[in-house]
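In my numbering, the protein residues as written are 10 to 654.
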């Protein structure tokens with residue numbers, strides 16, 4: 010079947026290229042013929058093409074070198090790595106085909122070639138479909154305008170509690186690039202846009218979820234109604250039992266626009282996964298929500314609330330509630346403020362919504378024995394998350410604001426949250442510094458590293474922390490409380506005639522046994538995490554841009570969390586500056602005392618109209634004196650060439 014699919018893919022693209030070439034040659038021939046024709050009053054009947062086909066795409070080469078001077082002991086002494094690409098499944102050559110028939114039915118497909126410079130030749134030279142073949146059509150009736158699509162993978166968004174991709178307040182370092190990062194007309198424009206708008210364009214996938222199925226969208230319906238929906242498959246619907254099993258996710262949204270900027274919507278989602286063909290047993294969940302939005306001159310309100318139900322042979326929950334409320338002032342206000350409050354119960358389970366599932370482990374696809382998953386899985390163990398990111402079994406509130414002082418722009422946010430019920434005796438947190446670097450060491454792996462606590466996801470990594478204060482059921486003897494603070498400053502200036510930008514980002518998180526209105530960095534809380542990152546960008550010329558990066562991160566834990574294996578009875582200081590000033594009274598700990606650092610420099614250079622080169626060189630270190638095997642140090646060098654056509 011695999012060879013057949015490859016044959017069909019190659020046949021389809023060859024046929025498309027042939028049709029395109031024939032069409033081009035035909036037009037060229039007609040132009041030459043018209044020059045030599047004798048004038049006649051007879052009208053020549055020329056049959057129009059039945060369809061139009063166009064191609065676009067990109068070529069991306071990534072040369073990657075990693076040189077480690079300190080490695081994990083189970084890394085088999087591998088200190089030098091030379092790669093084409095960074096091992097993620099990102100196409101080197103991407104060809105996008107688009108077509109439109111005379112019946113106004115559009116079709117498209119994304120053909121890809123992986124890196125031909127690595128791995129077996131018979132594998133990486135194969136032409137494959139990246140997202141499948143998609144068909145789209147639109148038609149207008151007296152009832153409204155409808156768009157229908159089906160086929161391969163599409164990206165879909167509905168509401169925050171039903172279908173919505175992970176989105177934050179865009180407080181990120183833009184030093185690192187992703188394959189989906191779009192090219193700008195000049196290298197400097199990317200940093201200028203981030204300074205002005207605070208947005209990072211990561212492509213069509215950002216903020217959406219992947220679906221494979223049939224999509225419908227209806228606009229201009231009677232009485233101001235509109236609708237959208239999909240029935241198909243998500244990663245949750247995969248099954249090893251039968252590829253044609255009755256595993257589907259279906260959802261739809263019906264919206265009504267009223268006068269005075271008032272909108273009302275009803276959202277529905279139902280998802281099932283077959284787990285036992287003999288007893289015909291399923292895991293699944295269903296969700297019903299109502300959504301209201303109203304906009305005034307000075308502020309706006311958006312509220313989504315609903316009920317969800319999860320069922321499986323292992324668990325059969327009652328209905329659980331969920332609510333997300335946003336109150337935002339006008340952007341024209343002198344001090345714009347955004348207030349967000351949410352509550353998502355542990356019974357409200359969804360893998361496609363804008364929140365993390367922390368209450369049901371078996372819902373993740375292909376979860377194996379001993380709580381170990383065989384596929385990629387996000388944070389599960391009481392995640393410490395940033396502002397704007399939610400989890401179930403949690404309630405909280407956050408406030409964000411921003412203001413400009415001339416060329417200095419600042420924005421900040423503070424938030425608190427707590428568990429609704431006690432949960433597993435563990436915590437998890439993501440790294441803010443060196444996250445992409447560490448994720449490349451062991452792709453999509455679970456429970457790795459010297460202490461089996463690291464977990465790699467797509468270009469990110471998180472760590473699990475055990476808690477000793479637990480009951481016989483493996484649950485913590487207390488509810489966990491979380492506090493967050495984020496601050497960003499952006500400044501624009503000139504060095505002579507060249508413009509520069511400075512971006513400073515600070516993030517401060519803590520998890521504790523009691524409520525704190527501001528995060529703490531001491532041993533009274535379970536985990537404290539603080540990071541600072543600085544990006545500097547200088548416009549060298551119209552076609553070149555220099556970027557520098559420096560990041561530091563500190564993570565400490567108290568005595569209730571995992572203790573290290575350092576035999577030094579004096580412990581390790583939690584504050585390096587105070588320890589140097591007064592080492593006698595320095596506070597020390599024996600649990601986590603992590604120190605991450607990244608120093609980077611790069612150059613973005615435009616070599617053509619739609620072609621750029623990106624160079625990055627990073628010096629990284631990852632060290633914990635209390636966990637002696639957690640010691641990494643090295644450098645990364647990357648050269649990326651990206652061409653659009």
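Glycine included, C-beta positions come from ideal geometry on N, C-alpha and C.
{"query": "Alpha carbon to alpha carbon, how far is residue 295 from residue 315?", "result": "11 angstroms"}
{"query": "Answer yes or no: do residue 561 and residue 589 have a C-beta to C-beta separation smaller than 8 angstroms?", "result": "no"}
{"query": "Taking its Cβ as the centre, do 16 or more other Cβ atoms sit within 10 Å of residue 37, making it buried, or is it exposed?", "result": "Residue placement at residue 37 is poorly supported in this model, since its pLDDT is 38, which falls under 50; the coordinates still yield a value, given next. The residue in question, residue 37, is exposed, as its Cβ has fewer than 16 Cβ neighbours within 10 Å."}
{"query": "Are residue 390 and residue 435 close, meaning C-beta to C-beta below 8 angstroms?", "result": "yes"}
{"query": "Apart from the five residues on each side of it in sequence, which residues of its chain come closer than 6 angstroms, Cβ to Cβ, to residue 70?", "result": "650"}
{"query": "Can you give the Cα-Cα distance for residue 89 and residue 74, rounded to whole angstroms?", "result": "7 angstroms"}
{"query": "Going by alpha carbons, who is nearest to residue 571 out of 238, 584, 599, 553?", "result": "599"}
{"query": "List the endpoints of the continuous beta strand (DSSP E) containing residue 119.", "result": "114-122"}
{"query": "Just how far apart, CA to CA, sit residue 111 and residue 263?", "result": "31 angstroms"}
{"query": "Is the CB-CB distance between residue 401 and residue 357 below 8 angstroms?", "result": "yes"}
{"query": "Whole angstroms is fine: what's the gap from residue 104's alpha carbon to residue 116's?", "result": "14 angstroms"}
{"query": "What is the DSSP secondary structure of residue 455, reduced to helix, strand or coil?", "result": "coil"}
{"query": "Answer with buried or exposed for residue 472, where buried requires no fewer than 16 other C-beta atoms within 10 angstroms of its C-beta.", "result": "buried"}
{"query": "Tell me the rounded alpha-carbon separation between residue 495 and residue 502.", "result": "24 angstroms"}
{"query": "Exposed or buried, residue 100, counting other C-beta atoms within 10 Å across all chains shown (16 or more means buried)?", "result": "buried"}
{"query": "Can you tell me which of the three DSSP states residue 448 falls into?", "result": "helix"}
{"query": "Does the segment 532-551 come close enough to the segment 508-516 to have 3 or more Cβ pairs within less than 8 angstroms?", "result": "yes"}
{"query": "Would you call residue 438 buried or exposed, if buried means 16 or more other Cβ atoms sit within 10 Å of its Cβ?", "result": "buried"}
{"query": "If you follow the alpha helix (DSSP H) that residue 412 is in, where does it begin and where does it stop?", "result": "Where residue 412 is concerned, there is no enclosing alpha helix (DSSP H), although the beta strand (DSSP E) it sits in stretches over 403-414."}
{"query": "Using three-state DSSP, classify residue 443 as helix, strand or coil.", "result": "coil"}
{"query": "In whole angstroms, what separates the C-alpha of residue 66 from that of residue 122?", "result": "12 angstroms"}
{"query": "Just reading off the alpha helix (DSSP H) that residue 199 is part of, what are its end residues?", "result": "196-206"}
{"query": "Under the three-state reduction of DSSP, which class applies to residue 395: helix, strand or coil?", "result": "coil"}
{"query": "What is the DSSP secondary structure of residue 586, counted as helix, strand or coil?", "result": "helix"}
{"query": "Between the alpha carbons of residue 33 and residue 118, how many angstroms are there, rounded?", "result": "No answer about residue 33 holds up, because its pLDDT of 39 lies below 50 and its placement is not dependable."}
{"query": "Exposed or buried, residue 241, counting other C-beta atoms within 10 Å across all chains shown (16 or more means buried)?", "result": "buried"}
{"query": "Roughly how many whole angstroms lie between the Cα atoms of residue 450 and residue 492?", "result": "31 angstroms"}
{"query": "Assign residue 200 to buried or exposed, taking buried as 16 or more other Cβ atoms, counted over all protein chains shown, within 10 Å of its Cβ.", "result": "buried"}
{"query": "Give every residue of the same chain whose Cβ lies closer than 8 angstroms to the Cβ of residue 91, excluding the five residues on either side of it in the sequence, and list them in chain order.", "result": "73, 74"}
{"query": "Starting from residue 544 and walking both ways along the beta strand (DSSP E), at which residues does that stretch end?", "result": "536-550"}
{"query": "In whole angstroms, what is the alpha-carbon distance linking residue 527 and residue 567?", "result": "18 angstroms"}
{"query": "Reducing DSSP to helix, strand and coil, say where residue 483 ends up.", "result": "coil"}
{"query": "Have a look at 345, 387, 601, 365 and flag the residue whose alpha-carbon is nearest the alpha-carbon of residue 467.", "result": "387"}
{"query": "Out of 652, 648, 653, which one is the CA nearest neighbour of residue 185?", "result": "648"}
{"query": "Grouping DSSP H, G and I as helix and E and B as strand, with all else coil, what is residue 651?", "result": "strand"}
{"query": "For the segment 619-626 and the segment 570-587, state whether three or more C-beta atom pairs, one from each stretch, are separated by less than 8 angstroms.", "result": "no"}
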